[in-house]
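Following my numbering, the numbering of the sequence shown begins with 45 at its first residue and continues without gaps. Take a look at the structure below.
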Amino acid sequence: GWNMENVLDEEIKAINDTVGPEEHVICALSGGVDSTVAATIVHKAIGDRLHCIFVDNGLLRYKERERVTETFESDLHLSVTCVDASNEFLSKLKGVVDPEMKRKIIGKEFISIFDAFAHNLEQKLGKKPAYLVQGTLYPDVIESCPPPGSGRTHSRTIKSHHNVGGLPKDMKLKLIEPLKLLFKDEVRQLGRILNVPDAFLKRHPFPGPGLAVRVLGDVTEGNALDILRQVDEIFIQSIKDAGLYDLIWQAFAVFLPVRSVGVQGDQRTHSHVVALRAVTSQDGMTADWYYFEHKFLDDVARKICNSVRGVNRVVQDITSKPPSTIEWE
Ligand code: XMP
Numbered sequence: 045g046w047n048m049e050n051v052l053d054e055e056i057k058a059i060n061d062t063v064g065p066e067e068h069v070i071c072a073l074s075g076g077v078d079s080t081v082a083a084t085i086v087h088k089a090i091g092d093r094l095h096c097i098f099v100d101n102g103l104l105r106y107k108e109r110e111r112v113t114e115t116f117e118s119d120l121h122l123s124v125t126c127v128d129a130s131n132e133f134l135s136k137l138k139g140v141v142d143p144e145m146k147r148k149i150i151g152k153e154f155i156s157i158f159d160a161f162a163h164n165l166e167q168k169l170g171k172k173p174a175y176l177v178q179g180t181l182y183p184d185v186i187e188s189c190p191p192p193g194s195g196r197t198h199s200r201t202i203k204s205h206h207n208v209g210g211l212p213k214d215m216k217l218k219l220i221e222p223l224k225l226l227f228k229d230e231v232r233q234l235g236r237i238l239n240v241p242d243a244f245l246k247r248h249p250f251p252g253p254g255l256a257v258r259v260l261g262d263v264t265e266g267n268a269l270d271i272l273r274q275v276d277e278i279f280i281q282s283i284k285d286a287g288l289y290d291l292i293w294q295a296f297a298v299f300l301p302v303r304s305v306g307v308q309g310d311q312r313t314h315s316h317v318v319a320l321r322a323v324t325s326q327d328g329m330t331a332d333w334y335y336f337e338h339k340f341l342d343d344v345a346r347k348i349c350n351s352v353r354g355v356n357r358v359v360q361d362i363t364s365k366p367p368s369t370i371e372w373e
């Protein structure tokens, strides 16, 4: 029958039938549910012949690297090489303001780091890894190749989406896509069976280019990324404390490249403005902005201005998708 225990057993068997006993497999973990569950399934099948990489691109959320690597190691026992490539990414993004250009640079940099990882591994093993794991889901398959007449619109033609896992140029890796026939809720069920912590399975989606699309304009300006991380953490933590996290599709803060006048203590300030965005959605294709209680918003705004240096104004995004997109870039 189509229950998730059977699906898991069949996947593991299929992977073992495909990957030869001497062959090695690589996987890029993004910190998201899909790549994590995909890697965990492959690890069940072939153990330490799976080699994972997690890249810190300098565009992650507050304490994200620590939080996800803890899950990889303690809960899932995956062997993960953690590469801190913040300097590489941020130096290439310096001065870049065009959103599509930012995505292209990030995608390209990611591939070059992944490439180096695969080549180092080849040196170490004395042979090329043969397979690459990707967390492709069924809706991704439909979206990149919609059935004729399905009338699905392509969000991907509006913005280029770069997830981690671009193919290294000269490696000729074959793909393993254990989630290719599954929907998101089925992936979560598999994750539960595989011991992925519930908090991890329920995390809001996070874009591959990370905070680069949430700092408008040049992400390396001043301490924008650092301010954004602090603001975002306060917003998300408040949402969790209020018991609202699971009702919301995505919530996050956006750093605006403008300053406004304020007064803090008895000082005139000329500081940063941040925007809060929260939406409900079924699949990210359309979305409605989320109604918070005024008291909640008031508390969050006060907390942000009181504890994040350099912010003196908080605004809320009250547009749905369409006409806006979920992200601001
Ligand atoms: P938009 O902003 O297009 O976003 O309404 C729809 C969903 O896609 C996510 N998103 C991305 N995900 N790479 C990703 O992996 C990207 O470049 C990207 N841009 C947007 C967004 O967070 C939302 O869930």
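Where a beta carbon is used, it is the ideal one built from N, C-alpha and C, also for glycine.
What is the residue span of the alpha helix (DSSP H) that residue i lies within?
i      : result
Lys171 : Note, Lys171: premise wrong, no alpha helix (DSSP H); not H, not E.
Ile348 : His338 to Ser351
Under 6 Å Cβ to Cβ from residue i, same chain only, skipping five residues before and after it: list those, please.
i      : result
Phe244 : Thr115
Tyr106 : Arg273 and Glu277
Tyr289 : Ile283
At what residues does the beta strand (DSSP E) containing residue i begin and finish?
i      : result
Asp100 : Leu94 to Asp100
Gly415 : Here the chain covers residues 45 to 373 and nothing more, so residue 415 does not appear.
Asp128 : Val124 to Asp128
Gln308 : Gln294 to Gln308
Ser315 : Gln311 to Thr324
For ligand 2, I want to know if residue i counts as a neighbour, meaning its beta carbon is within less than 7 Å of at least one of the ligand's heavy atoms.
i      : result
Ile370 : In the structure shown, ligand 2 is absent; the only ligands present are ligand 1.
Cβ of residue i within 7 Å of any heavy atom in ligand 1?
i      : result
Lys365 : yes
Val257 : yes
Pro241 : no
Pro173 : no
Ala294 : It is worth fixing the name first, because residue 294 is Gln in this sequence and not Ala. Yes, the Cβ of Gln294 comes within 7 Å of a heavy atom of ligand 1.
Pro391 : Outside the modelled stretch of the chain, which goes from 45 to 373, sits residue 391, for which no answer is possible.
Gly252 : yes
Arg147 : yes
Gly328 : yes
Give a yes or no on whether the C-beta atoms belonging to residue i and residue j are separated by under 8 Å.
i      : j      : result
Arg93  : Val69  : yes
Cys71  : Leu176 : yes
Ile292 : Ala322 : yes
Val344 : Ser282 : yes
Val240 : Asp119 : yes
Gly354 : Ile280 : no
Short of 7 Å in beta carbon distance, which residues of its chain neighbour residue i, apart from the five on each side in sequence? Order them along the chain.
i      : result
Asn207 : Residue confidence is low: Asn207 scores 49 on pLDDT, short of 50, so the model does not pin down where it sits. No coordinate-derived value is stated.
Ala331 : Trp293, Val323, Thr324, Ser325, Ser364, Lys365 and Ile370
Gly306 : Thr313, Ser315, Asn356 and Arg357
Asp128 : Asp100
Asp78  : Gly179, Leu181, Leu223 and Val231
Identify, in the order they occur along the chain, each residue of the same chain with its Cβ nearer than 8 Å to the Cβ of residue i, setting aside the five sequence neighbours on each side.
i      : result
Glu374 : Missing from the structure shown is residue 374; the chain here goes from 45 to 373 and no further.
Val51  : Leu226, Glu230 and Leu234
For residue i, would you say it is in contact with chain D, using Cβ-to-Cβ distances shorter than 8 Å as the test?
i      : result
Val259 : No chain D is part of this structure, which consists of one protein chain only.
For this session: Examine the Cβ distances between the stretch 225–242 and the stretch 267–281 and report whether three or more of them are shorter than 8 Å.
Result: no
Exercise. Looking at C-beta atoms only, is the number of pairs between the stretch 258–272 and the stretch 134–143 that lie closer than 8 Å three or more?
Worked result: yes
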